[in-house]
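In what follows, a structure is listed as structure tokens, so that the remarks can point back to it.
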Amino acid sequence: MSSVNPVVTRFAPSPTGSLHIGGARTALFNYLYAKHTGGKFVLRIEDTDRERSTEANVQVILDGLTWLGLTWDGEPTFQYARGERHRAAVDQLLAEGKAYPCWLAGDELAAAKDAARAAGHALRSPWRDREVTAENLARPHVIRFRGPLNGDTRIQDLVQGPVTLRNRELDDLILLRSDGVPTYNLAVIVDDHEMGVTHVIRGDDHLNNAARQTLLYQALGWPVPAFAHISMIHGPDGGKLSKRHGAQAVGEFADMGYLPEALRNYLARLGWSHGDDELFSDQQAADWFDIADVNKGAARLDWDKLNHVNAHYIRLADDDRLARLVTEVCLRRNEPLDEASLQRLYGAIGLMKDRGKTLVELADQCAFLFLQRPVTIEEKARSLLTAETLERLARLRTALDQEASWSPESLDIRLKSFAEAEAVGMGKIGPPMRAVLTGGQPSPDLGRTLAALGRSEVLGRMDDVLSPLS
RNA sequence: GCGCCCUUCGUCUAUCGGUUAGGACCCCAGAUUUUCAAUCUGGUAAGAGGGGUUCGACUCCCCUAGGGCGUGCCA
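Going by the numbering used here, the first sequence opens with residue 106, and the numbers climb by one from there.
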């Protein structure tokens, strides 16, 4: 918006796991706000936890964001690589007496925490006020922040409003571990500051940290960015979202057959709204998105609504793309499609796209297209094929053979007039035809089923059943 | 335990002191009908509880309850 003070948002995942749906929404909100304001959306990988961060997780996160279409500006920043910058900030704090070395550890540390808790305040190390000797400095130690003992710290959260915490509740947090690696709270503010981040939009599990970080910003004499703590996504039962709720990782949603644009639309509507608008384009989302319209309360993941949104985007999707995605679903199931099936799929997908809420359902609905001749007919469907019916189907075969335009509409008309000529209702024709053509698999309206299968396949499947007669 | 945050139909939400509290998903009924769907029409359903403030509260304040988060040499 303002060219003087361009907005910079960021997504800062830790590669200690995959990209979860909650993280994806956080990324989406950051992305949308950047787009809305004409600012930048940057990515930072917070890999200072050397034990648990993995290269594989970094790739999963990058792939997840890419799949979701949340493209970031510039190259991703890796936090661990910026250790020198973090230590420089600590040196400044040390020099100004705003940080101190601490040798508290083990049982002694645990006891100090218990004592602090009992006294009604956060941890203060006894080393805060002790003399530092050269001898001690040679021993392993951490660097702690010398936080204020009294007073309040107030943050002006764009979503949650003003939040005030008593400084006595905020501990002298560790800035540098004993191995010299910076901790989260320090690294975050140094990086956000140096990367020019203006708006920190993140999960509200960080709301308390915002106060600690504010104190650090102030100690370093840096401006405090705007904070926007969005609520987390809960499971359908209102509890913490977990595996038992069906899925967590973005990759799982992809495998379950959700379209990225559907997930974007759904996720955007979770905790944010623009009047009564439910389905909207990416451009509209960017135009409309404002942090001021983000809700405070947590939202639950609702599969029914996600399915509804997904069904909408499946219908909107390009035919070739859908056919390709259905092919991939079949491949994942270890049921690769042969050439003839692929050809039928690409030709028929336009007639099939309103029949599945997910790509997986769509693949199920397309299964009748992939049947190998002769089609195996289920017992129940088989019983429809009486002698009388087979004779009628033979006459229908002749009629169909003469159908010039093999379109759903003309086939419908052909079917109806055939029924009239035979002086029977469609109930005498549809079910048996379906049995012959699909073996009992789900299929669309008869006209569409015929159109989807194609003339030669339809006549072929009919012949498989009729020829033994002659 | 302590601290912080949250609370409108079952779910996602609109409402920014005065509305018959609106929309969407789900569900139900009807229409359509050659399977299963889809589609169309209609319907059920809400301000957690209790106190205030006010001529008037879903909307502002307080308390209670419930839920979430934090309280790490994780992020």
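Think of the CB as a built atom: it goes at the ideal place given N, C-alpha and C, for glycine as much as any other residue.
As the structure is a computational prediction, the values presented were derived from the model and not from experiment.
Same chain, Cβ closer than 7 Å to residue i, neighbours up to 5 away in sequence not counted
i      : result
Ala472 : Gln546
Gly351 : Trp408
Arg420 : Lys458 and Asp459
Ala316 : Thr258, Ile260, Leu270 and Leu275
Asp517 : Gly552
Ile294 : Gln318, Leu321 and Tyr322
Residue of the options minimising C-alpha distance to residue i
i      : options                           : result
Leu511 : Phe250, Ser522, Asn370 and Val563 : The sequence given here places Trp at residue 511; Leu does not occur at that position. Nearest C-alpha to Trp511: Val563.
Pro536 : Gln265, Asn135, Glu483 and Tyr136 : Glu483
Ala453 : Pro330, Lys203, Arg560 and Arg115 : Arg560
Glu274 : Phe183, Ser123 and Arg222         : Arg222
Asp296 : Ala492, Arg192, Leu436 and Ala528 : Arg192
Pro118 : Ala224, His141 and Pro181         : Pro181
Arg426 : Ile306, Arg500, Asp284 and Pro365 : Pro365
Asn412 : Leu464, Leu254, Pro513 and Asp212 : Leu464
Gly285 : Ser548, His339, Val268 and Arg155 : Arg155
Leu447 : Asn439, Arg437 and Arg429         : Arg429
Gly266 : Gly402, Ala354 and Arg502         : Gly402
Ala324 : Asp387, Leu199, Ala367 and Ala404 : Leu199
Leu214 : Ala204, Ala227 and Lys203         : Ala227
Ala359 : Gly188, Pro253 and Gly169         : Gly169
Residue i - containing alpha helix (DSSP H), residue span
i      : result
Asp469 : Leu464 to Gln470
Arg566 : Arg560 to Leu571
Gly266 : That residue, Gly266, is in no alpha helix (DSSP H); its beta strand (DSSP E) goes Gly266 to Arg271.
Lys140 : Ile126 to Thr142
Phe473 : Run containing Phe473: none; DSSP gives neither H nor E here.
Ile518 : Pro513 to Glu527
His191 : Gly188 to Ala200
Asp506 : Ala492 to Asp506
Asn313 : Leu312 to Leu325
Glu213 : Gly211 to Ala223
Trp172 : Glu160 to Leu173
Outcome for residue i when other beta-carbon atoms lying within 10 angstroms are tallied against a minimum of 16
i      : result
Ser522 : exposed
Met106 : Bear in mind that a pLDDT of 45 at Met106, under 50, signals an unreliable position, so the number given afterwards is only what the model happens to contain. Per the 10 Å Cβ criterion, exposed.
Arg553 : buried
Glu151 : buried
Phe116 : buried
Thr121 : exposed
Lys345 : exposed
Asn241 : exposed
Val570 : buried
Gln184 : buried
Arg130 : buried
Ser572 : exposed
Leu436 : exposed
Thr494 : buried
Bridge partner(s) assigned by DSSP for residue i
i      : result
His304 : Thr114 and Ala331
Pro287 : Leu281
Leu148 : Phe116
Arg405 : His339
Thr182 : Arg149
Val399 : Trp377
Opening and closing residue of the beta strand (DSSP E) in which residue i lies
i      : result
Thr258 : Asp257 to Asp262
Tyr205 : Ala204 to Cys207
Phe250 : Val247 to Phe250
Cut-off 6 Å between Cβ atoms - residues of its own chain near residue i, not counting five sequence neighbours on either side
i      : result
Ala524 : Met531 and Ile534
Ala416 : Lys462
Ala540 : Ile482, Ala486 and Leu489
Thr543 : Phe473
Gly256 : Asn272
Ala504 : Phe523
Residues near residue i by beta carbon distance below 8 Å, same chain, minus five either side
i      : result
Asn162 : Pro120, Thr121, Gly122 and Ser123
Arg449 : Leu474, Phe475, Ala557, Leu558, Gly559 and Glu562
Thr288 : Thr153, Leu278, Ile279, Leu280, Leu281 and Arg282
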